[in-house]
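Working notes, structure below.
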Amino acid sequence: MRSRALFIGFVVLNAAFAAALVYFVMRSGSSPSTPSIPGTLTAFQTSPPPPTVTAPPSTQPRSNPVPTLPPTNGVAQNPAGTETRPPATPLAAGKQFGWKDVESSNYLSYLKNIREVGCPEKMVRQIIFNDGNDLFNQRRLEAAITHDFKWWQPDTQYSAGGYNPEYQSRMQTLVLDRRELLTRLLGENWEQEDKAPSIATHTVALTGPVLGALPLDIYMGVQEICTRSMSRHQDYMMGRFNEGLPTSQVELARLRDQTRKELSVILDRDQLEEFLLRFSHNASKLRQDLRGLGISSDEFRLIFRATDQIDHQIQLEYGGEEALSPKQREQMTRQREQAVQNVLGKDRYSRLILSRDPLYRQAQMMVMQSGADDALTPELYEILRSAQARRQQVQGDRQMSAEEKQNALIAINQEQLQKQRKLLQRGN
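Each number in my numbering comes from the position in the sequence shown (counting from 1) with 717 added on.
This is how it looks when you write it as structure tokens:
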């Protein structure tokens, strides 16, 4: 009996608790939601969804939500004791202001609200700096992606020296936009409070989703390293020229290695690879080596990963393959070529071997200069190769006189010119 009575008591108690919980939830759902002022301010939430592009991480503290202010028992404090501050307009429930709203008129209302509830002016200004910098970083990333170049293709003009005029122009515009925005929100002479480094000038255009997302301090660190690297290279070249001495490929490789080591201190592995793919000496050579094979960005990346360290080590120790002994050259070449073949496959690797023929390179250059389709390169190569073979045959014929040889060579050259002109015109 006692157990039964206890059981019934627990059932009644649970039922009462459930009823109270339902009543509380229904009442909370029907009453309007208003922020607690003062106290921790309710944040504003912007209506548009966040962009799909991830902005660079901010190196400064986030501006939202606003930190908790000291409690005032619900009464506006008046330090002077002579004037009562009007109550602040309640902030819109469920909304959070951030960098996406900095340029909107509502952002000014947001700043007015947090000032009226007693947020220190120093903190308000820091919020403005943080939101303005986040907006700038987001647009910097968008510009870096929009103005990135096809670093896996040999004909890009931006890989040499890293100069990208479209990106440079866009960055200068963003710097001016940031200055105008902060002046409007903070007034004049805010530069003394600004802790963000200026990126109005660039040595190298760090484009793409990885390099474009670098935090500003790392971004500027890379620029400084590149500036020092270019200065060292120019000083070395000028010094050798003034002394009348040839340049040493080993010394040049060591200068490049110094730059790599400095970059590896501030960049992680993926960031360093993105930089080297665009601007390194080995990537530039590889682009030319793979010309005409229709290499994709993923394939170029795989080949670069397989060959870069091999080539870099050879350059550091010997200056280049030409300085290796026959046995060393054979071993290094086999290792490198196997790595390339594994990525390209048999057919395209055969085309790569063919493309290393100087005549094939000449055909490629002629097709490129004429603006014709790259697919005409093999056919033009056959024309050049056939004409060269006939010239060699004429020059080696001992039964022909000098005059006969000259006339035969002229005829071969004229025939070659006619065939290649007809082929290239067909391609246009």
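Ideal placement from N, C-alpha and C gives every residue a C-beta, glycine not left out.
>> Spatial neighbours of residue 964 within its chain, please: C-beta separation below 8 Å, excluding the five flanking residues on both sides.
In response: Short of 8 Å from the beta carbon of residue 964, and not among the five residues preceding or following it, lie these beta carbons of its own chain, in chain order: 953, 954 and 957.
> Would you report the Cα separation of residue 840 and residue 889, rounded to the nearest angstrom?
Replying inline: 29 Å
> Can you list, in chain order, the stretches of the alpha helix (DSSP H) that have 4 or more residues and sit fully within the region 980–1013?
Replying inline: 986–996 and 998–1006
> In terms of residue numbering, what span does the alpha helix (DSSP H) encompassing residue 848 cover?
Replying inline: 838–863 is the extent of the alpha helix (DSSP H) around residue 848.
> Are the region 1114–1129 and the region 1085–1094 in contact at 8 Å, needing three or more beta carbon pairs?
Replying inline: no
> CB-CB under 7 Å to residue 1053, same chain, minus the five flanking residues each way: which ones, in chain order?
Replying inline: 1024 and 1027
>> Measuring only the C-alpha atoms, how far is residue 1139 from residue 1084?
In response: 12 Å
> Secondary structure at residue 906, three-state DSSP: helix, strand or coil?
Replying inline: coil
> Between the C-alpha atoms of residue 860 and residue 1016, what's the straight-line distance to the nearest angstrom?
Replying inline: 25 Å
> Going by other Cβ atoms of all chains shown within 10 Å of its Cβ, with 16 needed for buried, is residue 901 buried or exposed?
Replying inline: exposed
> Alpha carbon to alpha carbon, how far is residue 920 from residue 947?
Replying inline: Their Cα atoms are separated by approximately 9 Å.
>> Within the continuous alpha helix (DSSP H) that includes residue 941, where are the two ends?
In response: 933–959
> Does DSSP classify residue 834 as helix, strand or coil?
Replying inline: coil
> Does DSSP put residue 899 in a helix, in a strand, or in coil?
Replying inline: helix
>> Would residue 971 and residue 1069 be called neighbours here (beta carbons separated by less than 8 Å)?
In response: no
> Is residue 750 helix, strand or coil when you go by DSSP?
Replying inline: Residue confidence is low: residue 750 scores 38 on pLDDT, short of 50, so the model does not pin down where it sits. Its coordinate-derived value is still stated next. If DSSP states are grouped into helix, strand and coil, residue 750 belongs with coil.
> Can we count residue 828 as close to the ligand COA, meaning its CB is less than 7 Å from some heavy atom?
Replying inline: Absence of the ligand COA is noted for the structure shown, with no ligands found whatsoever.
> Thinking C-beta only, is residue 992 closer than 8 Å to residue 980?
Replying inline: yes
> Within this structure, are the beta carbons of residue 1061 and residue 1080 separated by less than 8 Å?
Replying inline: no
>> Judging by CA-CA distance, which residue of 883, 856, 1045 and 1047 is the nearest neighbour of residue 931?
In response: 856
>> By the three-class DSSP mapping on this structure, what secondary structure does residue 870 have?
In response: Here residue 870 sits in coil by DSSP.
>> I'd like to know if the region 996–1014 and the region 934–941 are in contact, where contact means that at least 3 CB-CB pairs between them fall below 8 Å.
In response: no
> What do you reckon, are the CB atoms on residue 896 and residue 853 nearer than 8 Å?
Replying inline: No.
> Out of curiosity, what's the CA-to-CA distance linking residue 848 and residue 945?
Replying inline: 33 Å
>> If I follow the unbroken alpha helix (DSSP H) through residue 1077, where does it start and stop?
In response: From DSSP, the alpha helix (DSSP H) with residue 1077 extends over 1075–1087.
> On the three-state DSSP scale, how would you describe residue 916?
Replying inline: coil
> Are the Cβ atoms of residue 1097 and residue 1131 separated by less than 8 Å?
Replying inline: no
> Can you tell which of 966, 934, 1048 and 1120 has its C-alpha closest to the C-alpha of residue 984?
Replying inline: 934
>> Quick check on this structure: which residue in 1064, 1042, 1043 and 988 has the alpha carbon closest to the alpha carbon of residue 926?
In response: Minimum Cα distance to residue 926 is reached at 988.
>> Comparing C-alpha positions only, which one of 990, 865, 923 and 850 sits nearest to residue 891?
In response: Among 990, 865, 923 and 850, the Cα nearest to that of residue 891 is on 850.
> If you run the structure through DSSP and keep just helix, strand and coil, what is residue 1035?
Replying inline: Residue state, collapsed to three classes: helix.
>> Using a 10 Å radius around the Cβ and a threshold of 16 neighbouring Cβ atoms, would you call residue 1012 buried or exposed?
In response: buried
> For residue 969 and chain B, any beta-carbon pair shorter than 8 Å?
Replying inline: Note that chain B does not occur in the displayed structure, where there is just one protein chain.
> Where does the unbroken alpha helix (DSSP H) through residue 1094 begin, and where does it stop?
Replying inline: 1094–1112
>> Just to confirm the assignment, what range does the alpha helix (DSSP H) spanning residue 1051 have?
In response: 1043–1061 is the extent of the alpha helix (DSSP H) around residue 1051.
> Mapping DSSP to helix, strand and coil, what is residue 922?
Replying inline: Coil, per DSSP.
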